[in-house]
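**Q** At the far end of the sequence shown sits residue 191, using our numbering, and the numbering has no gaps.
One structure is given below, represented as structure tokens, and several questions about it will come after.
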Amino acid sequence: MDLSMTRFLLSPLHPRRPARILVAAILALAGGALPTLAAVPRVVTDEIDPVTLIPFSVASGRAELPVSVQGNPFMASGIADAVTRIMTQGFGGGHTRFVPVATPTAGPAHTPYYSVVLNPAHGLLPDALCSGDTIATEPAMRPIVVRAATCLDGQAQSAATGTLGQASGPDDPGFTGLVRDLTQRLMTL
3 MDLSMTRFLL SPLHPRRPAR ILVAAILALA GGALPTLAAV PRVVTDEIDP
53 VTLIPFSVAS GRAELPVSVQ GNPFMASGIA DAVTRIMTQG FGGGHTRFVP
103 VATPTAGPAH TPYYSVVLNP AHGLLPDALC SGDTIATEPA MRPIVVRAAT
153 CLDGQAQSAA TGTLGQASGP DDPGFTGLVR DLTQRLMTL
């Protein structure tokens, strides 16, 4: 590009100049929104063997799906009930309802269940979520980390991890969004 073209582009009368000002203004305004990104949940799905049972088919036709919930990042009573309520609202699968269970291995063999661990104290492989063991958790850890899996016969059929920077309690919109997103990921074909 020659020098005359550079002067033309930098001229105040150039037609693209207002667009540059608009872009700069939008970026400046967006900079003020960056602190609120800590409240935006992020969910990542784990890769599971593709020949395993399809999680959505596990849930179809069942009125109640058992869920083992471990951990409590808010120290609030009724966290298992709150998580399963959010999962039920987020699934939208007709008459399907997620219900909390005391132990993940309760019920007859070959019965699918869901395992949700809030703020695990250490990293977990998907099958560790389905082992039936009590998993150590960190109550006040931030960001909030949630590991979840669809389990059948001690093996993960689907699994996902979600993180959220801050939440005030189980009814916080960021937390409910996180649990809903996790539920959808567990049911994805």
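Beta carbons: idealized from backbone N, C-alpha and C, even for Gly.
Taking the alpha carbon of G176 as the point to measure from, which residue in G156, P145, S133 has its own alpha carbon closest?
**A** For the purposes of this step, residue 176 is identified with residue 174 of the sequence shown, where counting begins at 1. G176 has its Cα closest to that of P145, out of G156, P145, S133.
**Q** For the beta strand (DSSP E) that R182 lies in, which residues bound it at each end?
**A** The residue you call residue 182 lines up with position 180 of the sequence shown. Unbroken run through R182 is the alpha helix (DSSP H), 175-189; no beta strand (DSSP E).
**Q** Closer than 6 Å by C-beta to A82: which residues in its own chain qualify, once you throw out the five before and the five after it? Chain order, please.
**A** Reading the sequence shown from its first residue, position 80 is the one you call residue 82. The answer, listed in chain order, is V71, P102.
**Q** Among M143, A158, G125, L120, which residue has its Cα nearest to the Cα of S133?
**A** If you number the sequence shown from 1, residue 133 lands on position 131. Here the closest residue by C-alpha is A158.
**Q** In chain order, what residues of the same chain have a beta carbon less than 6 Å from the beta carbon of P92, not counting five sequence neighbours either side?
**A** Start at 1 with the first residue of the sequence shown, and residue 92 comes out as number 90. Here residue 92 is Gly; the residue named in the question, Pro, does not match the sequence. Closer than 6 Å at the Cβ level, and outside the excluded window around G92, lie R182, T185.
**Q** For I88, report the span of its alpha helix (DSSP H) as first-last.
**A** For the purposes of this step, residue 88 is taken as the residue at position 86 of the sequence shown. Counting along the chain, the alpha helix (DSSP H) containing I88 begins and ends at 81-93.
**Q** Considering L166, what are the terminal residues of the beta strand (DSSP E) in which it resides?
**A** Against the sequence shown, residue 166 aligns to sequence position 164. Note, L166: beta strand (DSSP E), 157-166.
**Q** Compute the Euclidean distance between the alpha carbons of C153 and L166, then round it to the nearest angstrom.
**A** Within the sequence shown, numbered from 1, the residue matching residue 153 stands at position 151. Within the sequence shown, numbered from 1, the residue matching residue 166 stands at position 164. So the alpha carbons of these two residues sit roughly 24 Å apart.
**Q** Looking only at C-alpha atoms, which of A169, F76, R149, M89 sits nearest to L67?
**A** Position 65 of the sequence shown holds residue 67. The shortest Cα separation from L67 among A169, F76, R149, M89 belongs to M89.
**Q** Between A1 and the rest of its own chain, which residues show a CB-CB distance below 8 Å, the 5 nearest in sequence each way excluded?
**A** Because the chain here runs from 3 to 191, residue 1 falls outside it and cannot be looked at.
**Q** Measure the alpha-carbon distance for A161 versus P122 and round it to whole angstroms.
**A** For the purposes of this step, residue 161 is taken as residue 159 along the sequence shown, with counting starting at 1. For the purposes of this step, residue 122 is taken as residue 120 along the sequence shown, with counting starting at 1. Computed Cα separation, rounded: 14 Å.
**Q** What is the residue span of the beta strand (DSSP E) that A151 lies within?
**A** Position 149 of the sequence shown, counting from 1, holds the residue named residue 151. Residues 146-154.
**Q** In the DSSP assignment, find the alpha helix (DSSP H) that holds P128 and state where it starts and stops.
**A** Here the question's residue 128 lines up with position 126 in the sequence shown. Note, P128: alpha helix (DSSP H), 128-131.
**Q** Does the ligand FAD have even one heavy atom less than 7 Å from the beta-carbon of D183?
**A** The ligand FAD is not part of the structure shown, which contains no ligands of any sort.
**Q** Rounded C-beta distance between G179 and F76? I'm assuming under 8 Å.
**A** In the sequence shown, counting from the first residue as 1, residue 179 sits at position 177. In the sequence shown, counting from the first residue as 1, residue 76 sits at position 74. At roughly 15 Å, the Cβ-Cβ gap does not stay under 8 Å, so G179 and F76 are not in contact.
**Q** How about V119 and R87: are their beta carbons less than 8 Å apart?
**A** Counting from one through the sequence shown, the residue named residue 119 turns up at place 117. Counting from one through the sequence shown, the residue named residue 87 turns up at place 85. No, the Cβ-Cβ distance between V119 and R87 is not below 8 Å.
**Q** With DSSP as the reference, label P114 as helix, strand or coil.
**A** Taking the first residue of the sequence shown as position 1, residue 114 is located at position 112. Reduced to three states, the DSSP call for P114 is coil.
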